[in-house]
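J.:
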Amino acid sequence: MPEDTQPRILAFFCNWCTYTAADLAGVSRMKYAATSRVVRVMCSGRIDPQFVLSAFAKGADGVLIGGCHPGDCHYISGNTKCLRRHRLLKRMLADMGIEPERLRLEWISASEGDRVKTVINEMTADLKRLGPLKLPERCVAWDVEAIDEEPDHAEAVAKEAVHA
Amino acid sequence: MMTELHQNGQEEVRIGYFVCHCGTNIAAMIDVAAVAEYVSTLPNVVVSKDYRYMCSEAGQDLIVQDIKEHRLNRIVVAACSPLLHERTFRTATQRGGINPFFCHMVNIREHGSWVHEDRAEATEKAKALARGAIGRVKYHKALEKRREPVTPAALVVGGGIAGIQAALTLANTGKKVYLVERDPTIGGHMAKFDKTFPTLDCAACILTPKMSEVYAHPNIVLWTYSEVEGIEGYVGNYQVRVRRKARYIDEELCVGCLDCVDECVFKVGNVDDEFNVGLSKRKPVYMPFPQAVPKLVVIDPVACTHLNGGNCQKSCVDACERAAINFDQTDTIEEIKVGAVIVATGFKTFDPKRKPLYGYGKYPNVYTALEVERLVTSCGPTEGEVVCRDGRTPKKIGIVHCVGSRDHQTNRWCSRVCCMYSMKLAHLLHEHTGAEIYNFYIDIRAPGKGYEEFYERLQEEGNHFIRGRVAEITDIPKVAEEEGMLTIRVEDSLAGFVRRIPVDMVVLSTGLEPHADSQDVRRMFNISCSREGFFLERHPKLAPVSTTTDGVYLAGCCQGPKDIPDTVAQAGAAAAEALTLLDTGYVEMEPSVSVVDPIFCSGCKTCLNLCPYHAITRDDAKGVAVINPVLCKGCGVCVAACPSGAITQNLFEDREIFEEIEEVLAYA
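Line order of the protein sequences matches chains G and B. Note that the first sequence covers residues 1 to 164 in my numbering. Note that the second sequence covers residues 165 to 832 in my numbering.
Written out as structure tokens, the structure is:
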């Protein structure tokens, strides 16, 4: 990703609250940055931590999760499960050197279209400040490091890197 | 064609991509032709087209024709939100001869053209989203909707005019209706009104026959003084728990003779009468109002001496010839099964104490509009004689519009009815007292049949209309004629200067608000609220009485302020929607439920406790988890948690979502 282009946010929105809020933002003609790409799920509890890791691994600069407010989940408690997974992910991402601003969890109800606008604009500004994540490129660099560390097994490590 | 595809898993994926202009709604901000051209270069895409209105008959036919002509087996439509038209395009896909769930929608209007300002960026985003959809759709499977039988009964929550109308409409079709009302009588706010605008027909004359009809209707079970406590189940099959509060009166025995009320040890009322909004007092044992339905007395446990552990001679018990009074009565719980629910819980009026500059509660002669309704009505506390709290008959009356409406300090919305009811009260107050009436308004909103004519009539009758929001109401005189009067200070924005108008009586036209406990009600029925707290309809135009929870419908002011004609019309619409569900006899369940693959399930039980619906059990003989498709609502929580990847959620499969993520991001 060239430095001057917009950051890319992969957003996972639950069908009932945040996706509907994003629809409301549209109906209300609110304007926000064209940086988000929304993947619709029925519930924020469906969001597998691997989805988030995969998004970063495939080149997202930020990941936004949107669910119903605590207590308002269409499926009773899916959002609290999402919250626990989010906390787990925060710790993992910190260990991987991924800045905390790159993963954001927001409770946005169906009536809060303006919140979708604000959050995406804020996150876009944060990510611009941080610059591109370039995790796929970093992974390649890590493979080079691995080869350097294990020169005796360079061939095997390189082969693994191709498969990864 | 469909079966042929599915028995052969190796069948070539042939995708058709259709991008909609939506007139200029999308095309003005997204270069749809460029998106279509880009998508045509993606693998497996056989057809890629843009069209002016995809949802039109011609647009749908385009999909049908192309499926047949090009042997398409996957459809991607980039248009508006799937919440709006997913069903439309799935149906079109089915008409083309393939399973409807091979269709996937991309939202480039609400999430695209309407929210972005840079055409190049919006077009890039549409391309990326298209690529994601093209990636995921190849994994789509043929799915079938499951059919569940529907319980042919409905619950109506709230017994105001909305609930009454909905209940009667449904009951007249032969369906069983449970009407649950929190207060001891049905009738709601409308029962308190004297006349209705703009025709000035008597509210009671319209309402009370309907109330009696509800009571007498063989298909309606009326539970007043009752509240819904909980609801479980799903569309077509709800189990509802209703608390019937103790009235301390045997409903079977009481005939409403009021002997107990007469003989109560309190010779005069000692509690504010709710029906007269505090303008009179009632006793602890009381009938809400003479035309109450059901015609039963009720004992207020807070005010009754005996029920408070006091020593009372219980003269009411002796007075009742039918021995209907039962102080040992306790709350009972009723469990019912219904297929549909109509929420008609109404509104509350704005508390004008939140606008202290208007002096409500400070100056006795400042009234709310609802209080004045009771003052002008012949069955009210003064039998229709308009006398102020300080005993004077008003000669000059000021009506302040928009109290708690169109006000950034309190409620921003227009309450829709206040202009009209203010003018109605202006007319009635003038009729009763001959007083000079001043209306203080921001704008007169009279958008209904005969409403503007009513406004003209009021002007012809000599009412004063002063445009300006009232700044202050004060009893401090500046000139002699203000002595002993309430002075209204207002900027007359048409004349262009500040005026002080002394009056005897002030009427505050309070706006409509959601009930204080509307959030609890919302959570219980699993529906959403709009920003101001009124319940949210599924779509303002396409599904104005439906909610995001199937089988739960809205009627009346709980959805937003509206007048009686609109409420009755909406209640009829809600009843019709509920009837469509009940009369069909079955409901088609979305296939997006989760399924366990026993080959991969290790039987670890991780998923069992996560399921909010207890839909997952463990088959101990086989050592695997099993999901009951009837109980599963398709949230996907278990899928995300399964350490073996053994659970799949239809339409939200791991491979579909991973592919969508990868392909969206693969677009440079």
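Just so it is clear, CB atoms sit at the ideal spot from N, CA and C, and this is done for glycine as well. Computed from a predicted model, the values in this text were never measured in an experiment.
Mind the definition here: the segment 225-233 of chain B touches the segment 253-272 of chain B only if three or more C-beta pairs lie below 8 Å; say whether that holds.
T.: At 8 Å Cβ cutoff, the stretches touch.
J.: Is the beta carbon of P725 (chain B) sitting closer than 9 Å to the one on F453 (chain B)?
T.: To locate residue 725 (chain B), count along the second sequence from 1; it is residue 561. To locate residue 453 (chain B), count along the second sequence from 1; it is residue 289. No.
J.: Identify each residue in the segment 807-821 of chain B for which the Cβ-Cβ distance to at least one residue of chain G is less than 8 Å, and report them in chain order.
T.: Going along the segment 807-821 of chain B in chain order, one finds Q813, F816, D818 and I821 with a Cβ nearer than 8 Å to chain G.
J.: Note down, in chain order, every chain B residue with its Cβ under 7 Å from the Cβ of I76 (chain G).
T.: Against the first sequence, residue 76 (chain G) aligns to sequence position 76. Here the neighbours are P776.
J.: Along the segment 749-761 of chain B, where does the CB come closer than 8 Å to a CB of chain G? Name the residues.
T.: Going along the segment 749-761 of chain B in chain order, one finds S756 with a Cβ nearer than 8 Å to chain G.
J.: Tell me whether Y402 (chain B) sits in a helix, a strand or coil according to DSSP, three-state version.
T.: Working through the second sequence from its first residue, we reach residue 402 (chain B) at position 238. Reduced to three states, the DSSP call for Y402 (chain B) is strand.
J.: Applying the criterion that 16 or more other CB atoms from any shown protein chain within 10 Å of the CB defines a buried residue, is V662 (chain B) buried or exposed?
T.: The residue given as residue 662 (chain B) occupies position 498 in the second sequence. Exposed.
J.: Can you give me the start and stop residues for the beta strand (DSSP E) that D783 (chain B) sits inside?
T.: In the second sequence, the residue the question calls residue 783 (chain B) occupies position 619. From DSSP, the beta strand (DSSP E) with D783 (chain B) extends over I780 to D783.
J.: For the alpha helix (DSSP H) containing S54 (chain G), list its first residue and its last residue.
T.: Here residue 54 (chain G) refers to the residue found at position 54 of the first sequence. P49 to A57 is the extent of the alpha helix (DSSP H) around S54 (chain G).
J.: With a 10 Å radius around its C-beta and 16 neighbouring C-beta atoms as the bar for buried, classify V643 (chain B) as buried or exposed.
T.: Within the second sequence, residue 643 (chain B) is the residue found at index 479, counting from 1. With fewer than 16 Cβ atoms within 10 Å of its Cβ, V643 (chain B) is classed as exposed.
J.: Specify, as a first and last residue, the run of the alpha helix (DSSP H) that R254 (chain B) falls within.
T.: Within the second sequence, numbered from 1, the residue matching residue 254 (chain B) stands at position 90. Element bounds for R254 (chain B): P246 to R259.
J.: So that I know if they touch, is there some Cβ in chain G lying closer than 9 Å to that of P725 (chain B)?
T.: In the second sequence, residue 725 (chain B) corresponds to position 561, counting from 1. It does not; no Cβ of chain G falls within 9 Å.
J.: Can you tell me the Cα-Cα spacing of T713 (chain B) and A832 (chain B), whole angstroms?
T.: Counting from one through the second sequence, the residue named residue 713 (chain B) turns up at place 549. Counting from one through the second sequence, the residue named residue 832 (chain B) turns up at place 668. Between T713 (chain B) and A832 (chain B), the C-alpha separation is close to 39 Å.
J.: Curious, which full-length alpha helix (DSSP H) runs of at least 4 residues does the segment 393-481 of chain B contain?
T.: Those alpha helix (DSSP H) runs which fall completely within the segment 393-481 of chain B and span 4+ residues are 423-427.
J.: Which value, in whole angstroms, describes the spacing of the CA atoms of Y215 (chain B) and N814 (chain B)?
T.: Looking up residue 215 (chain B) in the second sequence gives position 51. Looking up residue 814 (chain B) in the second sequence gives position 650. Looking at the two C-alpha atoms, the distance is approximately 30 Å.
J.: The alpha helix (DSSP H) with H86 (chain G) in it runs from where to where?
T.: The count along the first sequence starts at 1 and reaches residue 86 (chain G) at position 86. Run containing H86 (chain G): G78 to D95, per the alpha helix (DSSP H) assignment.
J.: Compute the Euclidean distance between the alpha carbons of V425 (chain B) and D668 (chain B), then round it to the nearest angstrom.
T.: Translated into the one-based positions of the second sequence, residue 425 (chain B) becomes position 261. Translated into the one-based positions of the second sequence, residue 668 (chain B) becomes position 504. In a straight line, the C-alpha of V425 (chain B) is about 36 Å away from that of D668 (chain B).
J.: Roughly how many angstroms separate the alpha carbons of L746 (chain B) and G562 (chain B), rounded to a whole number?
T.: Working through the second sequence from its first residue, we reach residue 746 (chain B) at position 582. Working through the second sequence from its first residue, we reach residue 562 (chain B) at position 398. Near 50 Å, if we compare the C-alpha coordinates of G562 (chain B) and L746 (chain B).
J.: With DSSP as the reference, label C267 (chain B) as helix, strand or coil.
T.: In the second sequence, counting from the first residue as 1, residue 267 (chain B) sits at position 103. C267 (chain B) falls in the strand class under three-state DSSP.
J.: Could you tell me whether any Cβ in chain G is nearer than 9 Å to the Cβ of K769 (chain B)?
T.: Here residue 769 (chain B) is taken as the residue at index 605 of the second sequence, counted from 1. Chain G, which has no Cβ nearer than 9 Å to the Cβ of K769 (chain B), makes this no.
J.: Which first and last residues belong to the alpha helix (DSSP H) in which L130 (chain G) is found?
T.: In the first sequence, residue 130 (chain G) corresponds to position 130, counting from 1. G113 to L130 is the span of the alpha helix (DSSP H), which, as asked, contains L130 (chain G).
J.: For K501 (chain B), which of helix, strand or coil comes out of DSSP?
T.: Position 337 of the second sequence holds residue 501 (chain B). K501 (chain B) falls in the strand class under three-state DSSP.
J.: Taking the straight line between their C-alpha atoms, what separation do you get for A659 (chain B) and G614 (chain B)?
T.: Start at 1 with the first residue of the second sequence, and residue 659 (chain B) comes out as number 495. Start at 1 with the first residue of the second sequence, and residue 614 (chain B) comes out as number 450. Taking the straight line from one Cα to the other gives about 28 Å.
J.: Tell me the rounded alpha-carbon separation between G324 (chain B) and R178 (chain B).
T.: In the second sequence, counting from the first residue as 1, residue 324 (chain B) sits at position 160. In the second sequence, counting from the first residue as 1, residue 178 (chain B) sits at position 14. The straight-line gap from Cα to Cα measures roughly 56 Å.
J.: Using only the alpha-carbon positions, how far apart do E168 (chain B) and V240 (chain B) sit?
T.: For this step, residue 168 (chain B) is matched to residue 4 along the second sequence. For this step, residue 240 (chain B) is matched to residue 76 along the second sequence. For E168 (chain B), the predicted model reports a pLDDT of 44, less than 50, meaning its position is unreliable and no value from the coordinates is stated.
J.: Do you know how far the Cα of G327 (chain B) is from the Cα of L743 (chain B)?
T.: If you number the second sequence from 1, residue 743 (chain B) lands on position 579. If you number the second sequence from 1, residue 327 (chain B) lands on position 163. Using only the alpha carbons, I get a separation of about 15 Å.
J.: Quick check on L521 (chain B): buried or exposed, where buried means 16 or more other Cβ atoms within 10 Å of its Cβ?
T.: Sequence index remark: in the second sequence, residue 521 (chain B) carries index 357 (1-based). By the 10 Å Cβ count, L521 (chain B) comes out exposed.
J.: So if I threshold CB-CB distances at 8 Å, which residues from the segment 277-310 of chain B count as touching chain G?
T.: If the cut-off is 8 Å between Cβ atoms, the segment 277-310 of chain B has W278, V279, H280, E281, D282, E285, A286, E288, K289, A292, L293 and G296 near chain G.
J.: DSSP on V301 (chain B), reduced to helix/strand/coil?
T.: To locate residue 301 (chain B), count along the second sequence from 1; it is residue 137. Here V301 (chain B) sits in helix by DSSP.
J.: With distances taken Cα to Cα, identify the nearest neighbour of T205 (chain B) among B:L592, B:H353, B:Y217 and B:G299.
T.: The residue labelled residue 205 (chain B) in the question sits at position 41 within the second sequence. Among B:L592, B:H353, B:Y217 and B:G299, the Cα nearest to that of T205 (chain B) is on B:G299.
J.: How would you call D684 (chain B), buried or exposed, if buried means at least 16 neighbouring beta carbons within 10 angstroms?
T.: Here residue 684 (chain B) refers to the residue found at position 520 of the second sequence. It is exposed - the Cβ of D684 (chain B) has fewer than 16 other Cβ atoms within 10 Å.
J.: Where L589 (chain B) and A533 (chain B) are concerned, what is the direct C-alpha to C-alpha distance, given to the nearest angstrom?
T.: As a working mapping, residue 589 (chain B) is identified with position 425 in the second sequence. As a working mapping, residue 533 (chain B) is identified with position 369 in the second sequence. Looking at the two C-alpha atoms, the distance is approximately 8 Å.
J.: Excluding five sequence neighbours on each side, which residues of the same chain lie with their C-beta closer than 8 Å to the C-beta of K31 (chain G)?
T.: Position 31 of the first sequence, counted from the first residue, corresponds to residue 31 (chain G). Once the five neighbours on either side are set aside, the close Cβ partners of K31 (chain G) are K117.
J.: What three-state label does DSSP hand R653 (chain B) in the structure shown?
T.: Counted from its first residue, the second sequence places residue 653 (chain B) at position 489. Strand at R653 (chain B).
J.: If you drop the 5 nearest sequence neighbours on each side, which residues of the same chain put their C-beta closer than 8 Å to that of E427 (chain B)?
T.: Translated into the one-based positions of the second sequence, residue 427 (chain B) becomes position 263. Result list for E427 (chain B): S479, C480, D482 and A483, in chain order.
J.: Between the C-alpha atoms of H86 (chain G) and P49 (chain G), what's the straight-line distance to the nearest angstrom?
T.: Residue numbering aside, residue 86 (chain G) sits at position 86 when the first sequence is read from its first letter. Residue numbering aside, residue 49 (chain G) sits at position 49 when the first sequence is read from its first letter. For H86 (chain G) and P49 (chain G), the distance between alpha carbons rounds to 8 Å.
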